[in-house]
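Position one of the sequence shown corresponds to residue 1 (full-length UniProt numbering), numbered consecutively onward. Just so it is clear, CB atoms sit at the ideal spot from N, CA and C, and this is done for glycine as well.
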Amino acid sequence: MGPSAEQMNAARRGFQIVVAATRQLGIGKKGNLPWKLSGDMLYFKRLTQETREAGKRNAVVMGRNTWESIPKKFRPLPGRLNVVLSRSAQNNENVNSFNTSAQGLFDGEKGSSDVAVHGSLESALEMLASPDFRDSIETVFVIGGGQVYKEALESPLCEAVHLTEIDSDFECDTFFPSIDPTKFRIWSSSPAKRDKESQYSFLCYSRSGKVDPPALPSATCSKHEEYQYLDMIEDIIENGMYRGDRTGTGTFSKFGCQMRFDLRRSFPLLTTKRVFWRGVVEELLWFMRGSTNAKLLQEKNVRIWDGNGSREYLDSIGLTDREEGDLGPVYGFQWRHFGAEYTDMHADYSGQGIDQLAEVIHKIKNNPNDRRIILTAWNPSALKDMALPPCHMMCQFYVANGELSCQMYQRSCDLGLGVPFNIASYSLLTCIIAHVCGLKPGDFVHTLGDAHVYSNHVEPLKEQLQNEPRPFPTLSINTDNKDIEAFSFEDFELSGYEPHKKVAMKMAV
């Protein structure tokens, strides 16, 4: 019996792909790049040359045509072991021994001691897995061309894909294979960059099925977006101001923070702990319908408003005549009936007040350049009647390039319990409104006023900080419905959510 697939893979080196491609996955024309992007070239150099550990270097593996497309004065690529795949290479154990045809690759060229030639990707990876190279080579990168990419992307040894996605039309005759979403998931993406007339972003995909991501290069342009949240928590615990608060619990806080999440390719549901997704969806739909009745959420076993709707709590803030579960003119009421007089959670408010949500949708559809596309829950005249004044108090929408983005301002930000929910909720709101308006989701920008960690959340959050982020899931809206009030939980399909376990924290009321 021959060796198993697992044994064969163990004898070869894992690797990562580096490629620049258009949205149509075009990568070249007549053996050359159809574009000149100085920012991408600089990123390629840093990505493939820099190492995390001093004294090591990386390897770049390429086909012969890719090698020959590099100007002679730049090859071999300096500071890296260049591995060239050529069918004319001898099949022997001396990796720097070539027959006459292969030796011709390097005639008259300097630095050929930094070059190895192999007849196949398989044999190159076997060489790089040998003790001498495993100890001296930190990361192996496959850098082209088309046939090599195809073989590499199909290999189970491919750990990650670093893609420069070029958002411009270039005529190409060579293409990168489609990235199978069941095998690779988006790990991170950079904000868009512009070089003359071309716009591009740096993306990183990691292989699915791995509990933890591969060791990514130190020069990877973009970090997983969840690190914004984790770094903020760590900073506030270590450097935040200790203050008293309304609940009597005490907080470590910082004033004025911001996070940005890309909604184009994934959905920012935090992975370093499990977030109650069904609760996120049901609460948002409850807001969108203008409801203020916490019992409707209780019926769906969503109990996030139980504390602020309890008899004891309502009595403690002077709302002794309010029925238990009646939260007053909170978020949904302000979104759909701003300015109307509130009586109780049972009244019919149809046609009363300003329907801000409907106005937002109307403006996005009919005047997308309007700078007044704003949804606010902060109504000073109604604060006294609310069980809890709005924490996430206002958001603004922005339309560009067929995409809808949203920036939300949150005055009071409970980083342990509330903020993970708020990130997901407003990201979902952006996706829903984009769907209703025939747009694609863009960015969600979260601006935080008083960002705080409750003192009784410090230890659970320190536990959470030990968890490495995992790829964000993806969201699909599986309905043609355009009625903002007619969505249900079943319309939203979340794929690939594989978080760490729940981290329990007590809510401060």
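{"Item": "Please report the Cβ distance between E283 and F261, rounded to the nearest whole angstrom; I am assuming they are in contact, meaning their Cβ atoms lie under 8 Å.", "Value": "Going by Cβ atoms, the distance from E283 to F261 rounds to 19 Å, so no, they are not a contact pair."}
{"Item": "So who's on the other strand from K193, going by DSSP bridges?", "Value": "Y200"}
{"Item": "Where does T320 fall in DSSP's three states?", "Value": "coil"}
{"Item": "For a test of the three-state rule: what should DSSP assign to H346, helix, strand or coil?", "Value": "coil"}
{"Item": "May I ask you to report which of helix, strand or coil DSSP gives T220?", "Value": "coil"}
{"Item": "Can you tell me which of F175, F276, A160 puts its alpha carbon nearest to the alpha carbon of T139?", "Value": "A160"}
{"Item": "Using three-state DSSP, classify M505 as helix, strand or coil.", "Value": "coil"}
{"Item": "State yes or no: is the beta carbon of S350 nearer than 8 Å to at least one beta carbon in chain D?", "Value": "This model lacks chain D altogether; it includes just one protein chain."}
{"Item": "Just checking my contact of Q410 with G449 at CB under 8 Å: how many whole Å lie between their CB atoms?", "Value": "6 Å"}
{"Item": "Extract the residue ranges of the beta strand (DSSP E) inside the region 105 to 186, only unbroken runs of 3 or more that lie entirely within it.", "Value": "115 to 118, 137 to 142, 158 to 166"}
{"Item": "Using 8 Å for Cβ pairs, my map puts I477 next to H435. What's the rounded Cβ distance?", "Value": "5 Å"}
{"Item": "Identify every run of the beta strand (DSSP E) within the region 13 to 88, keeping only runs that are complete inside it and at least 3 residues long; order them along the chain.", "Value": "15 to 22, 26 to 28, 57 to 63, 80 to 85"}
{"Item": "What is the rounded straight-line gap between the Cα of L47 and the Cα of V330?", "Value": "49 Å"}
{"Item": "Since R278 is in the alpha helix (DSSP H), which residue starts that stretch and which ends it?", "Value": "277 to 288"}
{"Item": "V445 lies in the beta strand (DSSP E); which residues open and close that run?", "Value": "440 to 454"}
{"Item": "Out of A508, P469, I484, E493, state which residue places its alpha-carbon closest to the alpha-carbon of H500.", "Value": "P469"}
{"Item": "Give me, in chain order, the residues of the same chain whose beta-carbon lies closer than 6 Å to that of C413; leave out the 5 immediate sequence neighbours on both sides.", "Value": "V419, L448, A451"}
{"Item": "Just to confirm, are H446 and Q298 a CB contact at a threshold of 8 Å?", "Value": "no"}
{"Item": "For G402, count neighbouring Cβ atoms within 10 angstroms of its own Cβ and tell me buried if that reaches 16, exposed if not.", "Value": "exposed"}
{"Item": "Please classify F74 as buried or exposed, where buried requires at least 16 other C-beta atoms within 10 Å of its C-beta.", "Value": "exposed"}
{"Item": "Please go through the same chain and pick out, in chain order, the residues whose beta-carbon is closer than 7 Å to the beta-carbon of F492, but skip the five residues on each side of it.", "Value": "V281, L475, I477"}
{"Item": "What is the rounded straight-line gap between the Cα of F141 and the Cα of F333?", "Value": "55 Å"}
{"Item": "In angstroms, rounded to a whole number, what distance separates the CA positions of Q49 and P441?", "Value": "35 Å"}
{"Item": "Taking only the alpha-carbon atoms, compute the straight-line gap between W305 and I186 and give it to the nearest angstrom.", "Value": "34 Å"}
{"Item": "Would you please state the rounded distance, in angstroms, between the beta carbons of G328 and Y342? I believe it to be under 8 Å.", "Value": "6 Å"}
{"Item": "Any heavy atom of the ligand MG closer than 7 Å to the CB of S350?", "Value": "The ligand MG is absent from the structure shown, which contains no ligand whatsoever."}
{"Item": "Can you round the beta-carbon distance between C221 and S190 to whole angstroms, since I take them to be within the 8 Å contact cut?", "Value": "5 Å"}
{"Item": "Enumerated in chain order, which unbroken segments of the alpha helix (DSSP H) with a length of 4 residues or greater are wholly contained in the region 354 to 386?", "Value": "356 to 366"}
{"Item": "With respect to the alpha helix (DSSP H) encompassing C391, which residues constitute its N-terminal and C-terminal limits?", "Value": "Looking at the DSSP string, C391 is not in any alpha helix (DSSP H), and its letter there is neither H nor E."}
{"Item": "Check N478 in the structure and name its three-state DSSP category.", "Value": "coil"}
{"Item": "Straight-line CA distance for P76 to V115?", "Value": "7 Å"}
{"Item": "Which word fits residue 510, buried or exposed, when buried means at least 16 other C-beta atoms lie within 10 angstroms of its C-beta?", "Value": "For residue 510 there is no data in the structure shown, the boundaries of the chain being 1 and 509."}
{"Item": "Going along the chain, which residues of its own chain have a beta-carbon closer than 7 Å to the beta-carbon of T182, five neighbours each way excluded?", "Value": "S208"}
{"Item": "Less than 6 Å between C-beta atoms, sequence neighbours within five positions excluded: which residues of the same chain meet that for C395?", "Value": "L375, C406, M408"}
{"Item": "Could you check how far apart the C-beta atoms of S88 and P268 are, in whole angstroms? I think they sit under 8 Å.", "Value": "Their Cβ separation, rounded to whole angstroms, is 49 Å, which puts S88 and P268 out of contact at 8 Å."}
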